[in-house]
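First the structure, in the form of structure tokens, and then the observations on it.
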Amino acid sequence: MPKLDRDVLYLIFEELQYDKRTLHSCLLINRTWCETIIPILWRNPWGYNLNIEKEKLLSNIIISHLSNKSKISLKPNIIYQKPLFNYIIFCKHLNLSNIQKIISIIDIESEMKSIKKEIITLFIKRNTKFTHISIPYKFDFQLHLIPKAKDHFSDIKFLSCSTCVNNNILIGIMKICKSIEELELIVGEDNNNNNGIIKLIKSQKNLLNINLIYPSYTYDDKSFGEILENSLINHSNTIEYIKINKSPFTKILTSFINLQVLELDNIQNTTLDYLENLSLPYLRILRTKSVSIEVSTILIKSTGGFLNEIKIDSTFGNVYSNNRIIQAIYNNCPFLKYLKLILLNDNISELEKLIINCNYLNGLFIIIDSLAAFDWDNLFKILTESSPNSLFKFKFYSYVSINLGSLKQFFENWKGKHPMLLQLSRVKNVEDLIVKYKKKGRVKIYNNNVNFDEGFEWI
74 MPKLDRDVLY LIFEELQYDK RTLHSCLLIN RTWCETIIPI LWRNPWGYNL
124 NIEKEKLLSN IIISHLSNKS KISLKPNIIY QKPLFNYIIF CKHLNLSNIQ
174 KIISIIDIES EMKSIKKEII TLFIKRNTKF THISIPYKFD FQLHLIPKAK
224 DHFSDIKFLS CSTCVNNNIL IGIMKICKSI EELELIVGED NNNNNGIIKL
274 IKSQKNLLNI NLIYPSYTYD DKSFGEILEN SLINHSNTIE YIKINKSPFT
324 KILTSFINLQ VLELDNIQNT TLDYLENLSL PYLRILRTKS VSIEVSTILI
374 KSTGGFLNEI KIDSTFGNVY SNNRIIQAIY NNCPFLKYLK LILLNDNISE
424 LEKLIINCNY LNGLFIIIDS LAAFDWDNLF KILTESSPNS LFKFKFYSYV
474 SINLGSLKQF FENWKGKHPM LLQLSRVKNV EDLIVKYKKK GRVKIYNNNV
524 NFDEGFEWI
């Protein structure tokens with residue numbers, strides 16, 4: 074029975090693996106709970122927002138696992154207690170970028186090289202089989218040459234690295250890792266004669282997710298960009314997710330007919346050639362940020378009617394052309410469930426057509442990106458009169474405050490509908506109103522402290 078209890082607990086806590094707060098609250102229940110939760114928390118200790126204090130805490134835990142000689146040389150005046158667990162052996166995410174940052178916290182230059190090697194070896198020793206690995210810019214530690222490297226790295230599913238990582242390291246990883254599914258590439262400036270990343274990409278059997286990150290300080294290396302994108306096109310049958318923060322150098326998007334998720338950021342309208350003859354028949358999720366209205370409209374029109382989430386942030390160009398995006402949505406997205414977009418007074422009538430045509434709409438996130446007066450009464454009127462029964466999750470972000478009288482009328486007119494889940498910005502003295510309409514069953518959940526840049530996760 075105790076074994077069964079532990080197995081059941083493990084399955085429960087596995088479902089909560091991304092809810093760190095809940096897991097931490099359960100640690101002190103009893104020893105069994107603690108022993109079950111610690112391996113889950115330490116699977117990816119880098120998955121937290123590591124501020125300076127947390128980095129110091131993590132560095133102290135790592136130092137406590139070092140040899141006594143190293144601990145004394147690092148902190149001669151500190152006595153480290155033996156850890157309750159060998160936390161390091163639970164780590165499945167080898168984030169060498171964070172490890173390198175933590176090493177830099179250690180204030181002892183003369184021992185830096187040997188300490189670096191000992192700390193990295195600390196994570197890699199024993200029989201740990203990693204699933205995720207992140208390699209920093211110009212990393213020079215020959216991972217593929219360590220004993221039993223194949224045992225440690227053959228199951229890698231996620232790789233994040235710079236294209237400037239030492240060629241020998243990338244080619245060494247290529248020989249070991251053949252089943253990478255998620256690839257995050259930071260495209261650096263110094264890509265001359267670095268064909269290691271190209272060979273690594275070509276050697277993969279089941280690439281699913283691609284994230285191409287071009288730092289703002291890098292210049293356009295068109296030649297390498299074309300080679301890189303063409304190597305990804307070889308995996309067009311398997312790739313389902315692409316995120317990129319730069320206009321493509323090739324028609325790479327036209328090749329991924331099985332694409333399901335597309336995220337674009339900072340795409341300039343220098344040319345639209347890469348969108349020519351674009352067809353994304355199976356696309357389900359589209360997220361754009363700092364992308365022109367023209368590009369967003371073309372992308373929506375290129376889909377096959379299966380989009381269920383559209384998130385459009387900070388468009389540029391003539392914002393009054395927003396109607397074109399809204400029209401493209403209600404003409405091409407009958408199964409849409411979640412929508413985030415910028416709205417102006419001139420767009421309200423088109424938005425009404427959208428919520429009438431998109432009968433599965435469940436969540437609506439509206440940004441009023443203007444300091445001019447906004448017609449909240451008109452917006453709330455069309456939402457109460459035309460919303461499908463499925464729509465009851467709302468976020469409203471505005472640079473000017475929402476009128477309390479308009480909000481009160483919105484709640485009054487929502488009578489008989491599904492209680493709404495609501496988030497507002499810049500609304501003062503609204504608490505009493507919310508309490509009143511919670512009691513009346515118009516509002517189920519209200520939140521004004523959640524990061525508005527997140528999707529509908531708070532719901």
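Under our numbering, read the sequence shown as residues 74 to 532, first letter to last.
Even glycine gets a Cβ: it sits at the ideal position worked out from N, Cα and C.
Values in this document were obtained by computation on a predicted structure and should not be read as measured data.
In angstroms with no decimal places, state the Cα-to-Cα distance between residue i and residue j.
i    : j    : result
L326 : L169 : 31 Å
L494 : V334 : 26 Å
L89  : D346 : 45 Å
N103 : K198 : 30 Å
K230 : L258 : 14 Å
K517 : F484 : 12 Å
S233 : K513 : 50 Å
I441 : I398 : 16 Å
L372 : Q215 : 42 Å
N520 : L452 : 20 Å
G478 : V503 : 11 Å
W531 : L359 : Residue placement at W531 is poorly supported in this model, since its pLDDT is 44, which falls under 50; the coordinates still yield a value, given next. Looking at the two C-alpha atoms, the distance is approximately 19 Å.
P328 : K165 : The residue you asked about is not Pro; residue 328 is Ser in the sequence shown. For S328 and K165, the distance between alpha carbons rounds to 33 Å.
K127 : S422 : 50 Å
Y314 : F297 : 22 Å
Q277 : T204 : 15 Å
C250 : K223 : 8 Å
K413 : N200 : 46 Å
K248 : I176 : 28 Å
L480 : I507 : 10 Å
So, is residue i buried or exposed, given that buried needs 16 or more other C-beta atoms within 10 angstroms?
i    : result
E87  : exposed
Q341 : exposed
F158 : exposed
S320 : buried
K410 : buried
S140 : exposed
I85  : exposed
L305 : buried
H97  : exposed
V368 : buried
D80  : exposed
V473 : exposed
L337 : buried
T370 : buried
S207 : buried
E349 : exposed
N435 : buried
D293 : exposed
Output the boundary residues of the beta strand (DSSP E) element that contains residue i.
i    : result
Y510 : From DSSP, Y510 is part of no beta strand (DSSP E) but of the alpha helix (DSSP H) over E504 to K512.
V364 : I358 to V364
Q496 : M493 to L497
K316 : Y314 to I317
K466 : K466 to S471
L326 : From DSSP, L326 is part of no beta strand (DSSP E) but of the alpha helix (DSSP H) over I325 to S328.
L218 : Taken as a continuous stretch (DSSP letters only), L218 belongs to no beta strand (DSSP E), as it is neither H nor E.
S207 : H205 to I208
How about residue i: is its Cβ closer than 7 Å to a heavy atom in the ligand ADP?
i    : result
L417 : What this structure holds is no ligand at all, so the ligand ADP is not there to describe.
Report all residues from its chain with a CB closer than 6 Å to the CB of residue i; omit the five preceding and five following residues, and keep chain order.
i    : result
L82  : T109
L243 : G269, I270 and L273
I439 : L416 and F469
Who are the near neighbours of residue i in its chain, counting only those whose CB is closer than 7 Å to its CB and skipping five residues on each side?
i    : result
N279 : S252, E254 and T311
S363 : D338, N339, S387 and F389
P118 : L131 and C164
The alpha helix (DSSP H) that contains residue i, what's its start and end?
i    : result
L301 : K295 to I306
C234 : From DSSP, C234 is part of no alpha helix (DSSP H) but of the beta strand (DSSP E) over F231 to S235.
E128 : I125 to I136
L96  : K93 to C99
K275 : G269 to S276
L427 : I421 to N430
N239 : Premise fails: N239 is in no alpha helix (DSSP H) and is neither H nor E.
D450 : W449 to S459
K490 : Note, K490: premise wrong, no alpha helix (DSSP H); not H, not E.
Suppose the cutoff is 8 Å on Cβ atoms and the five residues either side in sequence are ignored; what does the same chain contact list for residue i look like?
i    : result
I475 : W449, F469, L497, R499 and V500
P407 : G378, N430, C431, N432 and Y433
H138 : P156, N159, Y160, I161 and L195
T457 : F483, N486, W487 and K490
N307 : I274 and K275
N331 : S309, N310, T311, I312, E313 and Y355
K211 : S235, C237, V238 and N239
S183 : Note that S183 scores 41 on pLDDT, short of 50, meaning its location in the model is unreliable and no value can be drawn from it.
Can you confirm whether residue i, when its beta carbon is compared against all beta carbons of chain C, has any partner nearer than 8 Å?
i    : result
P112 : Included in the structure is just one protein chain, with no chain C present.
Three-pair Cβ contact test at 8 Å for the region 211-219 versus the region 116-133:
no
Using 8 Å as the Cβ pair cut-off and three pairs as the minimum, do the region 423-430 and the region 367-381 touch?
no
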